[in-house]
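**Q** Chains as they are written, first to last, in my numbering: chain A, 1 to 482; chain B, 483 to 1140. The C-beta atom is built at its ideal place from N, Cα and C for all residues, glycine as well.
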Amino acid sequence: MRAYVLKRLLLMIPTFAGIFLVLFLLLNLAPGRPGGTSAGVDLAASLRDERGQDSQRIFREQFQLDRPVLLNPYFALRPAKVRAALERFAQAVPATSAERVAAWEELEDWGSYAVPGLVAAMRDDPRAAVCDAAVLVLRHAAQRPLLDPFAERPDPATAAENRAREAENAELRTWRYGPGAPEPERREVIARWSAWYDAHASRWQWDAWGRLRVLLLETRLAAYVSNLARLDFGVSLVTREPVIPTLVSKLKYSITLSLGSLVLAYAIAIPLGVLSAVTRGSSSDRAITVGLFVLYSLPSFFVATLLLVYLSQGSPLPGLRLFPTGGWSSPDPLSRTSLAELADVAWHLVLPMACMTYGSLAALSRYMRSSLLDVIAADFVRTARAKGVPERTVVLHHALRNALLPILTLLGGLLPAVLGGSVIVEYVFGIPGMGLWVVDSIFQRDYNVILAVELLSTVLVLVGTLLTDLAYAWADPRIRYE
Amino acid sequence: MARRGNGWPERLLLAAILIALGVVVFQLDTIEQRFLAQSRALDELTRALERARAAPAPGPAPTDGGAAPTRRWLHPEVPNLLHDPDYPMRVAGAKTDGRLVRWFGTDPKGFNPLLENGADVQDGIVLYVGAALASRMAWTDPEKWQKELAERVEVTDEGRELTIYLRPGVRWQAPGNLDLGDARHAWLRGDHFVTARDVAFSLSLIQNPQVENGSLKNYYQDLESWRVIDDLTIVVRWKKTFCGAIEYTLGVPLVPEFFYAYDEDGTRFPDATLGARFDQHWYDHLGMVGAGPYRLVSYVPGTEIRLERNEDYFGEKPAIREIVYQLYADPNATLLKLKAHELSFGSLRPGQYRDEIKRFDSLPPAKRPKQSPFWNGDLRYRTYLDNSFYYIGWNADRPLFRDKRVRQAMTLAFDRARIVEHVFVGLGEVAVGPYDVESPFHDPDIRPWPYDPARARALLAEAGFADTDGDGVLDADLTPDDGDPTRTPFEFSLLVYNGSPEMESAANILKEDLLALGVRMRIESAEWSLMQKRMDEKDFDAVTGGWALSYDPDLYQIFHSSQADVPKGSNRVGFRNPEADRLMEQAREVCEPTARLAILRRLHRILHEEQPYSFFFVRRAVAAWWKEVERVEFAKLRPKANSLPWWVDTALPEAGSR
Chain A
1 MRAYVLKRLL
11 LMIPTFAGIF
21 LVLFLLLNLA
31 PGRPGGTSAG
41 VDLAASLRDE
51 RGQDSQRIFR
61 EQFQLDRPVL
71 LNPYFALRPA
81 KVRAALERFA
91 QAVPATSAER
101 VAAWEELEDW
111 GSYAVPGLVA
121 AMRDDPRAAV
131 CDAAVLVLRH
141 AAQRPLLDPF
151 AERPDPATAA
161 ENRAREAENA
171 ELRTWRYGPG
181 APEPERREVI
191 ARWSAWYDAH
201 ASRWQWDAWG
211 RLRVLLLETR
221 LAAYVSNLAR
231 LDFGVSLVTR
241 EPVIPTLVSK
251 LKYSITLSLG
261 SLVLAYAIAI
271 PLGVLSAVTR
281 GSSSDRAITV
291 GLFVLYSLPS
301 FFVATLLLVY
311 LSQGSPLPGL
321 RLFPTGGWSS
331 PDPLSRTSLA
341 ELADVAWHLV
351 LPMACMTYGS
361 LAALSRYMRS
371 SLLDVIAADF
381 VRTARAKGVP
391 ERTVVLHHAL
401 RNALLPILTL
411 LGGLLPAVLG
421 GSVIVEYVFG
431 IPGMGLWVVD
441 SIFQRDYNVI
451 LAVELLSTVL
461 VLVGTLLTDL
471 AYAWADPRIR
481 YE
Chain B
483 MARRGNGWPE
493 RLLLAAILIA
503 LGVVVFQLDT
513 IEQRFLAQSR
523 ALDELTRALE
533 RARAAPAPGP
543 APTDGGAAPT
553 RRWLHPEVPN
563 LLHDPDYPMR
573 VAGAKTDGRL
583 VRWFGTDPKG
593 FNPLLENGAD
603 VQDGIVLYVG
613 AALASRMAWT
623 DPEKWQKELA
633 ERVEVTDEGR
643 ELTIYLRPGV
653 RWQAPGNLDL
663 GDARHAWLRG
673 DHFVTARDVA
683 FSLSLIQNPQ
693 VENGSLKNYY
703 QDLESWRVID
713 DLTIVVRWKK
723 TFCGAIEYTL
733 GVPLVPEFFY
743 AYDEDGTRFP
753 DATLGARFDQ
763 HWYDHLGMVG
773 AGPYRLVSYV
783 PGTEIRLERN
793 EDYFGEKPAI
803 REIVYQLYAD
813 PNATLLKLKA
823 HELSFGSLRP
833 GQYRDEIKRF
843 DSLPPAKRPK
853 QSPFWNGDLR
863 YRTYLDNSFY
873 YIGWNADRPL
883 FRDKRVRQAM
893 TLAFDRARIV
903 EHVFVGLGEV
913 AVGPYDVESP
923 FHDPDIRPWP
933 YDPARARALL
943 AEAGFADTDG
953 DGVLDADLTP
963 DDGDPTRTPF
973 EFSLLVYNGS
983 PEMESAANIL
993 KEDLLALGVR
1003 MRIESAEWSL
1013 MQKRMDEKDF
1023 DAVTGGWALS
1033 YDPDLYQIFH
1043 SSQADVPKGS
1053 NRVGFRNPEA
1063 DRLMEQAREV
1073 CEPTARLAIL
1083 RRLHRILHEE
1093 QPYSFFFVRR
1103 AVAAWWKEVE
1113 RVEFAKLRPK
1123 ANSLPWWVDT
1133 ALPEAGSR
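(1) Relative to the C-alpha of His-348 of chain A, which candidate in A:Ser-360, A:Ser-365, A:Met-356, A:Ser-330 has its C-alpha closest?
(2) So, is the C-beta of Ala-362 of chain A closer than 8 Å to a C-beta in chain C?
(3) Quick one: list the residues of chain A neighbouring Arg-759 of chain B, beta-carbon separation under 8 Å, in chain order.
(4) DSSP on Gln-808 of chain B, reduced to helix/strand/coil?
(5) How would you write the range of the alpha helix (DSSP H) that Asn-448 of chain A sits in, first residue to last?
(6) Identify the contact partners of Val-782 of chain B in chain A, using a Cβ-Cβ distance below 7 Å as the criterion.
(7) Taking the alpha helix (DSSP H) that Pro-416 of chain A belongs to, which residues open and close that run?
(8) What does the Cβ neighbour count give for His-823 of chain B, buried or exposed, with the cut at 16 atoms within 10 Å?
(9) Taking Leu-351 of chain A and Leu-408 of chain A to be in contact with their CB atoms under 8 Å, please state how far apart those CB atoms are, rounded to whole angstroms.
(10) Go to Tyr-367 of chain A, then tell me how far its beta strand (DSSP E) extends in each direction, as first and last residue.
(11) To the nearest angstrom, how far is the alpha carbon of Leu-845 of chain B from that of Leu-597 of chain B?
(12) With DSSP as the reference, identify every bridge partner of Ile-787 of chain B, one or two as the case may be.
(13) According to DSSP, is Phe-16 of chain A part of a helix, a strand, or is it coil?
(14) Give the range of the alpha helix (DSSP H) segment to which Trp-206 of chain A is assigned.
(15) DSSP three-state label for Glu-514 of chain B, please.
(16) Starting from Ile-874 of chain B and walking both ways along the beta strand (DSSP E), at which residues does that stretch end?
(17) Comparing the C-beta of Asp-155 of chain A with each C-beta of chain B, is any distance below 8 Å?
(18) Do Asn-1053 of chain B and Ala-1046 of chain B have their beta-carbon atoms positioned less than 8 Å apart in this structure?
(19) Taking the alpha helix (DSSP H) that Ile-479 of chain A belongs to, which residues open and close that run?
(20) Just the Cα atoms here: how many angstroms apart are Arg-392 of chain A and Ile-479 of chain A?
(21) Measuring CB to CB, does Thr-468 of chain A end up less than 8 Å from Gly-388 of chain A?
(22) Taking Val-119 of chain A and Trp-193 of chain A to be in contact with their CB atoms under 8 Å, please state how far apart those CB atoms are, rounded to whole angstroms.
(23) Pull out every residue of the stretch 230-243 of chain A whose Cβ sits closer than 8 Å to any Cβ of chain B, in chain order.
(24) To which residues of the same chain is Glu-746 of chain B closer than 6 Å at the C-beta, ignoring the five residues directly before and after it?
(25) Are any of the Cβ atoms in chain B nearer than 8 Å to that of Leu-308 of chain A?
(26) For Tyr-810 of chain B and chain A, any beta-carbon pair shorter than 8 Å?
(27) Expressed to the nearest angstrom, what Euclidean distance is found between the alpha-carbon atoms of Ala-98 of chain A and Ile-874 of chain B?
(28) Check whether chain B comes within 8 Å of Asn-448 of chain A, counting only Cβ atoms and requiring the distance to be less than that.
(29) Any C-beta of chain A sitting closer than 8 Å to the C-beta of Lys-886 of chain B?
(30) Below 8 Å on the Cβ atoms is my guess for Asp-794 of chain B versus Arg-572 of chain B; work out the distance and round it to an integer in Å.
(31) Between Arg-937 of chain B and the rest of its own chain, which residues show a CB-CB distance below 6 Å, the 5 nearest in sequence each way excluded?
(32) Short of 8 Å in beta carbon distance, which residues of its chain neighbour Leu-631 of chain B, apart from the five on each side in sequence? Order them along the chain.
(33) Note down the Cα distance separating Glu-106 of chain A from Gln-692 of chain B, rounded to an integer number of angstroms.
(34) Please return the same chain residues whose Cβ sits closer than 6 Å to the Cβ of Trp-931 of chain B, not counting the five positions on each side in sequence.
(35) Taking Ser-1043 of chain B as the reference, give the member of B:Asn-877, B:Lys-1122, B:Asp-566 with the closest Cα.
(36) Determine the contact status of Leu-714 of chain B and Ala-678 of chain B, defining contact as a CB-CB distance below 8 Å.
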C-alpha cells in the first residue's frame, strides 16, 4: 500500500508538468495580449506618446512578455527580417493599417534582439522613412531592463548596476529627433547611435553556450518555471497585487459557499434518496423524482434572480422581505462581534447557498437511491430481516452504512469545484469569490492569476483522485492496491 | 458491530461540555461587545481631536486665500486666474452628520490617483479624497477656475508659463485603513504639509517612463520643465502655447512625496527604481492619501469602501459626514438595493426605468402603484445628460464612404429620434456633434439631420448610385486605392459591440431602413477585444462606438488627419479635411475665449456637414435617491452626480442601518 501511494505521488510530478506545459502554452499562445491598461484607447494613446511606449516596454519586461514563449531563437534574428518589418511599419512599402500594427508588434516582440538589425537598417538604408523608423524603435529596443526592480532591499551591487543602467537608458532616450528635423541634426543622432552600437556590439554576440542559454532560458516558460520553483506566483498583471494573498482572500468566500452547499446537498439528498428507495415505485418516490428533476432543470441565474426579487428586502411583498439583497455581510463588518458577524454571514448566504444546492440534489439522491436498492437486495439484508430485525433498523443500520460508501467517494471528485466557485451565483448575489475573479482575469489576459488558479486546481484534481482511490480501499476491504 | 456506549455518564459529560462551550461563546461575545464599544468611543475621541486640531491653531496659521500681504508675487501685474468659490457646499439648515450609500462597482484596481484612470476611482474616490491645485467651477461656470490648494495662479509668456502659489498650512491626510499605532508605521505620524515639492514630485512621476499611466502621460507631452521657487511656489513651463496647459497643470493628480516615495517601513525607494516601486506601491490596495474634503477610512475588498469627512479640510466642508460605497458586480442589482433601502443613491438601467417609472408616468396619480417606492414618495428620481455620445463611424478610407454625400445619406436614413424613443426608452437626445449640448462650444443653430429617406435617396443618386443591374441593390463606379473604377454594389457591414442589446436593435432598424433605399448592410457583432482589434487595424466598413468627452474637448485625436495614419490611432474612420485640421490645430493654440469659441463652432459646422460619424445620441442617465437625501443638485461637469453640496436628513431613517 505504501509503495502504491508513493508510486502515485511520483507519477503526479510528470502529470503536473504535462498539464502545466499545456496550460502555459494555451494561455500564452491564445490571441490577445495583456496590456498595461485595459482600455484600448489608452493603448492607442501610449503608442503615440514616446513615454507611453517606454512604460509599455517596461511593463512587458517586468512580466517577461518581451520574450518568446517556449524557445528563443532571436539570437539568430536576420537583419533582413527586421528591415522588412521596419519597411512595413514606416510605410516604405504599401501596407495596410493591420500590417503596420502587426509590424509594430513584431518589432516590440523582438525587443532588444532587433538592435543589430535596426542599426544595420539605420546605417545603410537609403530611404529616410526606414531610417527614421529604425531610430524610433532603437530608442526603445536599446534600453536595458533594470535588475530585480521590485527588490525591497537591493544589494549594493544591484543598486549600482541599476543606477548605471538607468543613467544609460535616460541618455539613450534623448537620442531622437522630431518628424521634420533638419538634416544635420538627423545625421548627428544617427552617428551617435552608430558609435554607441560599435562600443556595445558585444551585447549581441553570443558564443555557442550563450546561444543555447538564450534559446532555452530567455523565454517566458523558463522565467515562470524559475519563479514557480520558488513558489512565487507573481503579481497580477492588472492590479499589481501578489496573486496568492488575493487567492487566499477569495477562497474564504468560495470555500464557505461550496463546502456549505455540498454539506447541504448531502444532508438533503441522502434522506430523500433513502425515502425513494424504501418506497420504490410508490407515488412518493415518483413525486420526489419529478420534483428533483424539475429543480435540476431550472437554470440558476433565473432562480437566483427570482429568489432575490421576491425574498429579499426589496421584495414587493412586505411579508417576504426575509433576506438581504446580496453581498457577503452587512455594511461595517468591523462594528459587529464575531458571533453577530457569523449570524450575519449565515443570513446572507441562505439564498446563494440554496441556489448552489438545489441543482445537485437530483443526481445525488438518484445515486443514493440506486445504491441503497442494490444493498437492500443483498443476502445479508435478507438475513437480517429473516432473523426478525425491525425494517427501520435493517434499512438505517445495516443497509444504509454500506450504501453510503459510493456516495462519499464522490466527494473526492468534487474537491476542485471548491476552488472553482460559481460565476453566476457570485455575480447575481454580489459575492467577491473565485469564479468572478477568474472570469475577469481571463478577459483581461491576466496570465499570472489564471495560471496560479489553474495550477492549484490541477493539484487539487490530482490529490482528489488519489484520495478517492484510497477511500475506496479503506471503505471496501476487497479492494487492495499493490 | 460493536455498539457505542450510550450510557448516562457519557451523555451527561457531553451535555456539560456543550453547556460550557455555550457559556464560553457567550462570554467571548460579551467581551467583544465591550471591546467594540470602546473602540467606537475611541473613534469618537479621535474625531473630536481632529476637529479640535482643525480649529485655528497658533503657529503657522492658515491664511484665508488671497489676502496674504506677506507673500510676494513673481508677476503682481498679472491678474489671478483663480476665483473664490461661489457655490456654497452647505446650506442653512443642512444636517451635517448624514451618511450617503452609493454603488461603486467591483473592487478597484488600486487607489493610486496617478495610476488609476478608470471612471470608478477617479469619480468616486479621487474626486473626494484627492485635492487639486484648482478646479473648474462645476456648479456655476465651468469656464472659470476656483481656488483649491492653489490660491493664486499667474499665466505668463502667452500661456506657456504658470506660476502657482499654494495655500499655506494645508496638511496631507493621515493614511486611513492603516494602524498608525503600529511601530512599523511610526514614521507616518505627525504633520505633513502640502508643498510645491509634492507638485514637482507628481509631475516627475508622470514623466517617469517606469510609471505606467500611458493615457495620462499623453497629456503632458509638451510639458517642458518646472521649477520649485520655495515651499509654496512652483513655476511650470510648457514647450509651446497650448490651451490645455492650464487644464493639465492645474488638474494634475497630486500625490504626497513623504508617502508615495517610501516603502512600508519608511525607507525611500532607490532613485533608479522609483517608478517601478511606485507602480506597485504597498498602499495602493489599502487606500489613498490626499488633502481633499473626505478621507478614505476603510476598504473591505468585495464589500465596501468608506469615506469620512476630513475635518481638517482647508475649504468649506461638505454636509455629508460619511460616504459608503457598496461593491458588487451586477449593476442590475442597484434597483433592488435601492428598494431595500440598502443604497440611498443609485442609477437605473434603461429597462428598469421603463418598468418602474416610464410605464406609469403618463397615468393619472390614482392609477400608479401605491406600494412602489417610486410613487409613494420614498424614492425620487431625475434623468440628466451624461456627457458621452454614441455614433456610427463610416470608414472614409473605404471607397464606399469616401463621398460626404453618401455619409450624409446614411445619417438621413438613420431614424435616430425614433430609435432613441423606442429602443433607448427615451433616455437620450439626438446628437448633433461632439460637444456637450450644454456647453458654449455647441452651436445651437445647427439643427440635427432629419430622418428623410427621400433626400437620402436623392443624395445617393447624386453620388452616382443607381440600381443598374436590377438586383434591388444600388451600385456605382468606385475606385479602390489600387486599381481602376469597378461597378460596386452598395453592400457593407456594420461592426457592433455585442455587449449592448440596445445598440444591436438600433443597428437592425437602420438595416431595414437602408434596405428600403437599396443598400444592403450586414451586422457583425463582436466582443470587445475583437472589436478593439478590428478598430485598431481599421478593418471595418462602419462601426458603432461612443466617446465620453471632457468639458472642453480636444478633438485632435479623434478627427485630425495625422491621427488617421498612426497605427492604432483614434481617427479610425480616416476623416481627412484640411480646414478641419487647421481649426483643430488652432483650437490648441488660440486660448482667448471669443476667438476660440468661433473656431470650435466653425469646426462643429464642418463636422456636421462632413458627417465622419452619424452622431447618434447623447445618453441620459437616471438617478434615483431616497427622500432623506436633500439638495440633490447635479454639476455641469462630469461626474455630474457629485455629492459635495448634498445633505442627508438624519431625522429620517438612513440607508444601510438596521
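**A** Well, looking at it:
(1) Sorting A:Ser-360, A:Ser-365, A:Met-356, A:Ser-330 by C-alpha distance to the C-alpha of His-348 of chain A places A:Ser-330 at the top.
(2) Within the model displayed, chain C is absent; protein chains A and B are what it includes.
(3) Neighbourhood of Arg-759 of chain B in chain A, by CB distance below 8 Å: Pro-149, Phe-150, in chain order.
(4) Gln-808 of chain B carries a strand assignment under DSSP once its states are collapsed to helix, strand and coil.
(5) Judged by DSSP secondary structure, Asn-448 of chain A falls within the alpha helix (DSSP H) whose first and last residues are 447-475.
(6) By Cβ distance, chain A contributes Pro-333.
(7) Start and end: 400-420.
(8) Burial check for His-823 of chain B: the Cβ neighbour count within 10 Å reaches 16 or more, so the residue is buried.
(9) In fact, because the Cβ distance is near 28 Å, the residues do not count as touching under 8 Å.
(10) Residue range 338-376 is occupied by the alpha helix (DSSP H) that includes Tyr-367 of chain A, with no beta strand (DSSP E) assigned at that position.
(11) Per the coordinates, the alpha-carbon of Leu-845 of chain B lies some 49 Å from the alpha-carbon of Leu-597 of chain B.
(12) Ile-787 of chain B pairs with B:Tyr-781, B:Tyr-807.
(13) Of the three classes helix, strand and coil, the one that applies to Phe-16 of chain A here is helix, per DSSP.
(14) Counting along the chain, Trp-206 of chain A sits inside no alpha helix (DSSP H), nor does DSSP assign it H or E at all.
(15) DSSP places Glu-514 of chain B in helix when its eight states are reduced to three.
(16) Counting along the chain, Ile-874 of chain B sits inside the beta strand (DSSP E) bounded by residues 861-876.
(17) Interface residue (Cβ-Cβ distance to chain B less than 8 Å): Asp-155 of chain A is not classified as such.
(18) Yes, the pair counts as a contact, with Cβ atoms nearer than the cut-off.
(19) In the DSSP assignment, Ile-479 of chain A falls outside any alpha helix (DSSP H), carrying neither H nor E.
(20) Their backbone Cα atoms lie some 30 Å apart in a straight line.
(21) No, the pair does not count as a contact, with Cβ atoms beyond the cut-off.
(22) Val-119 of chain A to Trp-193 of chain A, Cβ: 7 Å. Contact.
(23) Contact residues of the stretch 230-243 of chain A toward chain B are Val-235, Val-238, Thr-239, Arg-240, Glu-241 (C-beta to C-beta distance below 8 Å).
(24) Result list for Glu-746 of chain B: Trp-764, in chain order.
(25) Yes, Leu-308 of chain A lies at the interface with chain B (some Cβ there is under 8 Å from its Cβ).
(26) Under the Cβ distance rule, Tyr-810 of chain B counts among the residues neighbouring chain A, one pair being separated by less than 8 Å.
(27) The C-alpha of Ile-874 of chain B is placed about 21 Å away from the C-alpha of Ala-98 of chain A.
(28) Taking Cβ atoms only, chain B never reaches closer than 8 Å to Asn-448 of chain A, which makes this a no.
(29) Answer no: the Cβ-Cβ gap between Lys-886 of chain B and chain A never drops below 8 Å.
(30) Beta-carbon to beta-carbon, Asp-794 of chain B and Arg-572 of chain B are separated by about 17 Å, too far to satisfy the 8 Å threshold.
(31) Exclusion of the five residues before and after Arg-937 of chain B leaves Leu-894 as the residues of its chain whose Cβ lies within less than 6 Å of its Cβ.
(32) The answer, listed in chain order, is Ala-613, Ala-614, Leu-615, Ala-616, Leu-648, Arg-649, Val-652, Val-676, Leu-736, Ala-773, Phe-796.
(33) Those two C-alpha atoms are separated by around 22 Å.
(34) The answer, listed in chain order, is Thr-893, Leu-894.
(35) Here the closest residue by C-alpha is B:Asn-877.
(36) A contact, by the Cβ cut-off of 8 Å.
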